[in-house]
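A short worksheet on the structure shown next.
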Amino acid sequence: MIRLVTFLGGFYFFLEFLLPTEFFGFSFAPYHEYITNGIITVGVAAIGLGLISILRVHGTRILKVSPGWFPSTLLLLSMFAMIFATGNEAILDRNDAKLYERAALLREFATLVAKDGGTAELSAEARTTIALEAVETFIQELPTSAEPEADQSAFQELVVAKTELQRRIDSGSRETLPGVNEGLAQVATALRAYKTTVREASSNRKVYNLLYQGLWTALAAAMFSLLGFYIAAAAYRAFRVRSVESALMMGAAVIVMLGQIPFGVWLYEGLPALRSWFLSVPSSAAFRAIRLGAGVAALLMAIRMWLCLDRKGGKA
Amino acid sequence: MNGLEHATPGALLLLAILLSALFWPKLWRYHRDTVVLRRIPGIDAIEAAVARAAELGRPASFTTSLTALGPVLYGSLGVLRFVAQKCAQYRNRLLLPQSAPDVMAVCDQAVADSYRSVGRLNAVRPADTVFLTDTQFAFAAGYMGLLQRENVGAAFLFGDFAAESLILAEAGQAVDAMQVAATTSPEQVAFFVCATDATLIGEELFAASGYLGRDEEDMKALFVQDRAKLALLVLVIVGVLLETGASIFGYESGLIQRGLQWMPSFGGAIVAS
Chain A
50 MIRLVTFLGG FYFFLEFLLP TEFFGFSFAP YHEYITNGII TVGVAAIGLG
100 LISILRVHGT RILKVSPGWF PSTLLLLSMF AMIFATGNEA ILDRNDAKLY
150 ERAALLREFA TLVAKDGGTA ELSAEARTTI ALEAVETFIQ ELPTSAEPEA
200 DQSAFQELVV AKTELQRRID SGSRETLPGV NEGLAQVATA LRAYKTTVRE
250 ASSNRKVYNL LYQGLWTALA AAMFSLLGFY IAAAAYRAFR VRSVESALMM
300 GAAVIVMLGQ IPFGVWLYEG LPALRSWFLS VPSSAAFRAI RLGAGVAALL
350 MAIRMWLCLD RKGGKA
Chain B
75 MNGLEHATPG ALLLLAILLS ALFWPKLWRY HRDTVVLRRI PGIDAIEAAV
125 ARAAELGRPA SFTTSLTALG PVLYGSLGVL RFVAQKCAQY RNRLLLPQSA
175 PDVMAVCDQA VADSYRSVGR LNAVRPADTV FLTDTQFAFA AGYMGLLQRE
225 NVGAAFLFGD FAAESLILAE AGQAVDAMQV AATTSPEQVA FFVCATDATL
275 IGEELFAASG YLGRDEEDMK ALFVQDRAKL ALLVLVIVGV LLETGASIFG
325 YESGLIQRGL QWMPSFGGAI VAS
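Sequence lines, in order, name chains A and B. Going by the numbering used here, the first residue of the first sequence is number 50, and it counts up by one from there. Going by the numbering used here, the first residue of the second sequence is number 75, and it counts up by one from there.
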């Protein structure tokens, strides 16, 4: 059964790779999207399993006070803090997006009314009134007072934009609709700026920033920066001339390194060109040979996996 | 190509060579005894490294780093099975730092099978398969910590690697572990050459399991690989001759023009593969 499913799955993707998007007038693209979405869905379900697994493994360790209970506690605390912070952020984002979307829709409607006038069912005046009333309702839903942690100047800009929009609505004619449209754009921009300041100053964002920017990014950068020291240490070991090959390697490396820096040009102006030749001719040829050989071997391994000729992962 | 997207002559030719050699090896005069495996110092070092770790009474470790399920991982599994069998025979621990749940399940199964094959299934220690993380540098940090804490005597780095390669290799150096690395990423080969005791380059990763296990399917695969590479070599030479001819006689010459029109489809197939 496993072999059959593997073969059919492989056969599907094999054909998907070979056949055109439209084959004898039949377009497979929409179905392919369904299938790939299905695969993604299965993957997403694994997140839930992962959460359960983490809670089981680390929860047991904490409850039994087994060795490593303290890092496990930190892990679970960080996980819940991050889930809370990002979940909350997503909800706020969705609420804000609804407001921006409404502003965009209202602008679209105002443009349409200004351009087309009335329809068979509704006169131009009636449509204008509906548009202006909708804009007025939108204004009423906007924040009326600044949140304590927000940037006050951003709120003032929103108030100015709101007042200006209200003034344009109050004139109440179809001719003012382009002005209302412009006012809506200003309100949307000011609202976005204000919401950004509110969000940046929120305790939710502070938790997120502390964990992600303050810890995660900084720790990853620290690990990456270790590479600089490791490269120096590895280069020292590699460049000790003990054989003809290591002498060749060192010679090539010295030329490439000197060709990369201004000091090299000062020594000999042909060094950058020599460096480029080393990288684009011998080095590039070696890279291609490795890629070609590995590519053929990988293709063959893929075929063996597809046809279940290889069972190194365990007996199926 | 008349609407067909990747079904170029190159792709079909490559596929025909690979499939015909896999299913009708006699068509290509395959015989197990005629396949000569060249000695590769890196592969010989694998057994030496496991034995050294056992002698020192220190565990061995095998990582595929961030390699996802795919041909490279399956190529590495042959070596993992060999290393696990040897560890089981020498009654030594084998640590498996992991970065992906699906890969972890496959590696776990391969190790269990290997221990079972030498009659030591009860010696498998599930706690030695450690899930670290799927994030590059966090994985590197976890791996460094693991090697330091467990004082690993032999470290095997097989698979696809990126910027973390040197960090992993230096972690092994720091605990004086004998290290064997194999990667298909040309950019990382230089780092491994500098920082490990033996390095398998590119396709040698796939050849290693055939060399170690002498399994019929592996031997056949090595044979097929060679024939496919021969076909590619011929294509490269034809391409070079056509381009050289074009630079001498001009691109308008009928034969050269036709040849050069066909070449990209072959080249495209190779790149796609």
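Glycine residues also receive a C-beta, built at the ideal position from the N, C-alpha and C atoms. Computed from a predicted model, the values in this text were never measured in an experiment.
On the DSSP bridge assignment, give the partners of residue i in chain order.
i: A27(A); result: For chain A, the structure presents residues 50 to 365; residue 27(A) sits outside this window and is missing.
i: E71(A); result: S76(A)
i: P171(B); result: V204(B)
i: T137(B); result: L231(B)
i: M252(B); result: A228(B)
i: T257(B); result: G233(B) and I275(B)
Are the CB atoms of residue i and residue j nearer to each other than 7 Å?
i: L349(A); j: A295(B); result: yes
i: F280(B); j: Q262(B); result: no
i: I111(A); j: T122(A); result: yes
i: A183(A); j: V162(A); result: no
i: A346(A); j: E291(B); result: no
i: V256(A); j: A134(A); result: yes
i: P133(B); j: R155(B); result: no
i: Y279(A); j: L240(B); result: yes
i: R243(A); j: A203(A); result: According to the sequence as given, residue 243(A) is Tyr; it is not Arg. For Y243(A) and A203(A), yes; Cβs fall inside 7 Å.
i: A281(A); j: C268(B); result: no
i: L155(A); j: L233(A); result: yes
i: R241(A); j: V229(A); result: no
i: V157(B); j: M293(B); result: no
i: I330(B); j: A320(B); result: yes
i: V153(B); j: F232(B); result: yes
i: A343(A); j: T258(B); result: yes
Where does residue i sit, in a helix, a strand or coil, going by DSSP?
i: G328(B); result: helix
i: V204(B); result: strand
i: G152(B); result: helix
i: A270(A); result: helix
i: L328(A); result: helix
i: D219(A); result: helix
i: K113(A); result: coil
i: G58(A); result: helix
i: N144(A); result: helix
i: M50(A); result: coil
i: H105(B); result: coil
i: I280(A); result: helix
i: N166(B); result: coil
i: R194(B); result: coil
i: E121(B); result: helix
i: R151(A); result: helix
i: V290(A); result: coil
Using a Cβ-Cβ cutoff of less than 6 Å, which residues in the same chain neighbour residue i once the five nearest sequence positions on both sides are dropped?
i: A95(B); result: W102, V298 and R301
i: V204(B); result: P171
i: M252(B); result: A123, R126, A228 and D271
i: W355(A); result: G59
i: L286(B); result: F156
i: A152(A); result: L233 and A237
Ordered along the chain, which non-local residues of its own chain (more than five positions away) have a Cβ less than 8 Å from that of residue i?
i: F129(A); result: none
i: S441(A); result: This structure gives no information on residue 441(A), because the portion of chain A shown stretches from 50 to 365.
i: V177(B); result: T138, T141, A142, L143 and L147
i: E65(A); result: F77 and H81
i: V180(B); result: L143, L147 and L151
i: V290(A); result: A296 and M299
i: F213(B); result: S139, L140, P171, S173, L206, T207 and E238
i: A199(A); result: Y243, T246, V247 and A250
Going along the chain, which residues of its own chain have a beta-carbon closer than 7 Å to the beta-carbon of residue i, five neighbours each way excluded?
i: G363(A); result: Low confidence applies here, because G363(A) scores a pLDDT of 46, under 50, leaving its location unreliable and the question unanswered by this model.
i: F327(A); result: A301, I304 and V305
i: A162(B); result: S188, Y189, V192, R194 and A197
i: G308(A); result: L320, P321, L323 and R324
i: K303(B); result: none
i: V254(B); result: G116, A119, I120, A123, F230, T270, D271 and A272
i: K147(A); result: none
i: G97(A); result: none
i: D145(A); result: K244
i: G117(A); result: R110
- Message: Beta carbons nearer than 9 Å to chain B: which residues of the region 87-100 of chain A have them?
- Response: For the region 87-100 of chain A, which is checked against every Cβ of chain B, the residues closer than 9 Å are A95, L98 and G99.
- Message: Short of 8 Å Cβ to Cβ, which residues in the region 133-153 of chain B face chain A?
- Response: Result list: G144, P145, V146, Y148, G149, L151 and G152.
- Task: Output, in sequence order along the chain, the residues in the region 330-354 of chain A whose CB is closer than 7 Å to any CB in chain B.
- Result: Those would be F336, I339, R340, L341, G342, A343, G344, V345, A346, A347, L348, L349, M350, A351, I352, R353 and M354, in chain order.
- Message: Residues of the region 278-291 of chain A in Cβ contact with chain B at a cutoff of 8 Å, in chain order, please.
- Response: Only Y279, I280, A282, A283, A284, R286 and A287 from the region 278-291 of chain A bring a Cβ to less than 8 Å from some Cβ of chain B.
- Mind checking the region 265-279 of chain A against chain B and listing, in chain order, the residues whose C-beta falls within less than 7 Å of any C-beta there? Residues passing the 7 Å Cβ filter: A269, M272, F273, L275, L276 and Y279.
- Listed in chain order, which residues of the region 105-137 of chain A have Cβ atoms closer than 7 Å to some Cβ of chain B? The residues in question: there are none.
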